[in-house]
Amino acid sequence: MNFLRRFHDIVSDQALNFDNKIKSLLNFGLEVFNLDIAIISKVETDCYTVLYAITPDNSLTPGTQFDLDGTYCVHTLGAGSALAFHKASQSSIANHPCYLNFQLESYIGAPIKVGGKIFGTVNFSSPNDSSAFSDEAYDYIELFAQWLGSEFAKIDTKEQLLKNSHTLSKLESVANIGTWEVDLVENKVYWSKQTRRIHQVADDYQPIIDTAIEFYKEGKSRDAINKAVEDAVTKGSKWNLELEIITAKNQHVWIATFGEAEFIDGKCVRLFGTFQDITESILLREALKEKKAEAERMLEDRSMLFAKISHELRTPLNGITGMLTTLIDEQNTQKRDEKIKIALRSADILLNIINEVLDFSKINHGELKLEPTDVLLKTIFSDLASLYTPLFKDTSVELVIENNIPNTCWAFCDSTRLSQITSNLLSNALKFTEQGFVKLKTEVINSNNALTLAITVTDSGRGMTPSFLESLFSPFTQEVDAKNNKGGTGLGLAIIKELVEYMGGSINVSSEIAKGSRFNISIPLALGKEQVLDDIKSKIELNSHLLSVLIVDDNDINRRVLDASLDKLNVKADTAIDGQDAIFKCKQKHYDLIFMDCIMPILDGFEATKELRSQNICTKEATYIVALTANTSSQDKLACQQAGMDMFVSKPFKLPHIEKAVSNALEHTAKVNSFN
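Start counting at 1 in the sequence shown, then tack on 9, and there's your number in the numbering used here.
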């Protein structure tokens with residue numbers, strides 16, 4: 010009993026840690042057995058490793074390893090229980106390696122088991138002979154081995170728990186998932202480290218039930234979690250919700266919370282679950298929803314565009330085909346001229362519709378580009394005034410022009426786009442004004458070498474309702490107000506707004522029913538460099554019949570149209586049906602001017618031009634090549650230039666463009682001849 014009391018006193022001493030308890034128990038064992046050496050070992054396969062040891066000279070240190078078969082412990086493990094030897098030299102193990110190497114006469118040991126598996130041994134030994142070991146000695150060694158097995162099992166479990174906890178913590182962090190628990194008996198709340206991180210509170214923050222709920226955003230989120238908790242406590246319902254919280258750092262975070270209840274004897278004693286930050290997923294989901302909605306809107310816009318365009322194209326096409334058909338048998342010169350004018354006007358309308366569709370497509374795809382040049386600013390609006398004055402001639406509407414821009418003001422800007430913006434506003438004003446006036450006022454402010462262009466278009470027309478004004482710059486809005494619907498794609502004002510804003514400007518409108526409308530535009534412009542204006546026609550006598558000209562186009566109608574236009578300029582042209590045919594004819598005859606279509610089968614205009622230039626069939630000095638194409642982007646123009654073309658004319662062309670090409674070719678030829 011004294012032995013048991015001593016053992017109990019050692020293992021229950023709270024002041025001693027595990028290593029000190031082992032040291033005390035080993036010393037106690039040496040005292041009990043009257044031996045010199047005490048060892049606790051770990052056995053793995055055939056390897057015997059010393060974990061703890063007490064020897065007279067401290068020669069045996071932890072970590073020392075032996076072959077298991079070279080120790081007495083191999084017999085202990087074989088027996089599976091406590092085993093002892095004394096007078097080893099006179100026993101059956103006298104030839105055992107352990108005796109031969111260490112001359113240990115006395116030994117007592119027992120196996121240490123953890124979870125039913127051998128962990129190692131605890132043993133005591135001595136080179137001195139001892140008396141036979143008593144039953145009390147066997148009890149001690151067995152009790153010591155059992156206690157060690159229990160303690161090693163606790164250590165192993167603790168290490169595994171720590172490892173699992175560390176792994177769980179890592180998983181929580183990676184997945185952004187935390188855990189939580191509410192003890193309803195003790196009225197305590199537990200949050201894992203990751204749950205605290207999501208709430209953006211300190212690691213030592215201790216939540217309580219009331220304050221934990223207050224993290225949920227007031228309104229739908231807080232109401233939803235309160236109801237979920239109530240249903241869990243009263244009905245045992247689980248919940249899986251996506252809610253919004255406001256963290257301790259006042260950040261809005263979306264979380265997915267799962268929870269369920271635990272009941273004992275019909276009473277809810279615990280709530281527990283998970284807590285995951287899903288802000289990124291929610292934002293991505295909302296972005297995808299927006300993308301889907303945007304795609305659906307674009308699809309709807311496209312369908313509306315196709316429907317609108319197919320309707321609008323019929324009117325000018327009807328004007329063109331109808332007038333041209335009636336011209337066949339028309340003998341009256343005056344009527345013929347009127348029908349031709351109607352057909353040409355219808356063609357202009359058709360071209361405007363196509364250009365609007367192309368501009369709208371470029372804007373939607375982010376391909377809108379400006380092509381600025383140095384321009385005398387006042388001339389843009391002077392030319393527009395000259396163009397629109399005849400349109401007002403046979404109406405009850407007066408066109409008033411106040412072009413207050415100085416005659417010497419040069420700007421670096423896209424004159425085509427400025428003309429398009431103003432032209433569209435004037436056309437709309439005339440369209441919706443039956444009588445009264447349409448006024449165009451322009452002025453420019455020069456401040457610190459920076460220009461601000463102000464364009465104002467005012468009319469006394471029908472005006473617009475406030476609701477119509479709200480969607481005025483959206484595509485197709487002319488469909489909305491049937492009273493004001495007088496045709497058109499409904500794209501014009503939308504394009505104007507995009508153009509103005511793309512140029513860094515602003516546009517606003519005011520209107521009142523039956524009193525008219527007023528559009529104000531302000532656009533910043535860069536100062537331009539003064540250019541020397543050169544009237545080519547005044548310097549070059551139009552002896553165009555001296556030019557040798559080739560038309561290259563795979564479309565017979567296009568060849569005929571261009572040939573007819575050149576005929577008006579006293580130019581007789583040859584034709585080629587593709588690039589390959591053009592090269593063949595250029596080898597047979599010299600041409601001063603070539604009109605080259607870009608898109609053709611067999612060999613397109615780009616490759617044909619490159620070959621003509623590279624093989625010196627048509628050198629830059631000898632032949633002026635004009636690109637003729639329906640593609641009008643800056644990239645297309647660059648491609649023509651890189652191929653070796655000298656000028657760019659877009660389809661459908663007008664006679665002035667052809668006149669310009671012929672004039673350029675004549676000037677080019679004159680320069681070459683002057684050098685020769």
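Backbone N, C-alpha and C define an ideal beta-carbon position, used for all residues, glycine too.
Original post:
Helix, strand or coil: how does DSSP classify Phe142 here?
Top reply: coil
Subject >> Inter-residue Cα distance where the pair is Val509 and Phe224 >> reply: 47 Å
**OP:** Taking 9 Å as the cut-off, decide whether the C-beta atoms of Cys56 and Asp76 are in contact.
**Re:** yes
Original post:
Hey, would you say Leu393 sits closer than 9 Å to Ser428, going by beta carbons?
Top reply: yes
Original post:
Beta-carbon separation of Val558 and Ile603 under 9 Å?
Top reply: yes
**OP:** Identify which residue in Asp346, Ser139, Phe281 and Gly501 has its Cα closest to the Cα of Trp200.
**Re:** Phe281
**OP:** Check whether the Cβ atoms of Leu621 and Cys595 lie closer than 9 Å to each other.
**Re:** yes
**OP:** Identify whether Ala463 lies in helix, strand or coil by the three-state DSSP scheme.
**Re:** strand
Subject >> Beta-carbon separation (whole angstroms), Thr130 vs Ala119, contact threshold 8 Å >> reply: 7 Å
**OP:** Count the other CB atoms, across all protein chains shown, that sit within 10 Å of the CB of His17; report buried if there are 16 or more and exposed otherwise.
**Re:** exposed
Original post:
How far does the beta strand (DSSP E) with Thr266 in it reach, from first residue to last?
Top reply: His261 to Ile273
Original post:
Under the rule that 16 or more other beta-carbon atoms within 10 Å means buried, what is Lys126, buried or exposed?
Top reply: exposed
**OP:** Using beta-carbon positions only, say whether Phe37 and Arg14 come within less than 9 Å of one another.
**Re:** no
**OP:** Report buried or exposed for Val262, applying the criterion of at least 16 other Cβ atoms within 10 angstroms of its Cβ.
**Re:** buried
**OP:** Alpha carbon to alpha carbon, how far is Met656 from Arg323? Give it in angstroms, no decimals.
**Re:** 33 Å
**OP:** Reducing DSSP to helix, strand and coil, say where Met656 ends up.
**Re:** strand
**OP:** Please say whether Phe421 and Pro381 have beta carbons closer to each other than 9 Å?
**Re:** yes
Original post:
Which residues share a DSSP beta bridge with Glu616?
Top reply: For Glu616, which the question treats as bridged, DSSP gives no partner whatsoever.
Original post:
Hey, would you say Ile530 sits closer than 9 Å to Ala463, going by beta carbons?
Top reply: yes
**OP:** Return the first residue and the last residue of the alpha helix (DSSP H) that Val509 is part of.
**Re:** Gly501 to Tyr511
Subject >> Those runs of the beta strand (DSSP E) which lie wholly inside the segment 347-432 and span at least 3 residues >> reply: 382-385, 405-412 and 419-422
Original post:
Which residues in the same chain have their Cβ closer than 6 Å to the Cβ of Tyr81, if we skip the five residues on either side of it in sequence?
Top reply: Cys107 and Tyr116
Original post:
Leaving out the 5 sequence neighbours to the left and right, which residues in its chain are closer than 7 Å to Gln444 when beta-carbon positions are compared?
Top reply: Ser405 and Val406
**OP:** Can you tell me the Cβ-Cβ gap for Lys300 and Gly268, rounded? I've got them flagged as a contact below 8 Å.
**Re:** Not really, about 33 Å apart at Cβ, beyond 8 Å.
Subject >> Nearest candidate by alpha-carbon position, reference Glu521, set Lys598, Leu353 and Thr467 >> reply: Thr467
**OP:** State yes or no: is the C-beta of Phe284 within less than 9 Å of the C-beta of Leu434?
**Re:** no
**OP:** Go ahead and pull the three-state DSSP assignment for Ile102.
**Re:** coil
Subject >> Sub-9 Å separation of Val699 and Asp165 beta-carbons >> reply: In the structure displayed, the chain extends from 10 to 685; residue 699 sits before or after that span and is not available.
Subject >> Exposure label - Glu347; buried when at least 16 CB within 10 Å >> reply: exposed
Original post:
Quick one: what does DSSP say Glu223 is sitting in, helix, strand or coil?
Top reply: helix
Original post:
Can you tell me the Cα-Cα spacing of His677 and Val671, whole angstroms?
Top reply: 10 Å
Original post:
Which residue from Asn67, Lys524 and Ile505 puts its Cα closest to that of Asn517?
Top reply: Ile505
Original post:
Residue ranges of each beta strand (DSSP E) run of no fewer than 3 residues wholly in the segment 191-244, ordered along the chain?
Top reply: 197-200
**OP:** Put Thr335 into one of helix, strand or coil per three-state DSSP.
**Re:** helix
Original post:
Using a Cβ-Cβ cut-off of 6 Å (strictly less than) and excluding sequence neighbours within five positions of Val41, which residues of its own chain qualify?
Top reply: Tyr149
Original post:
Hey, quick one: how far does the alpha helix (DSSP H) through Asp565 stretch, first residue to last?
Top reply: Asp565 to Lys577
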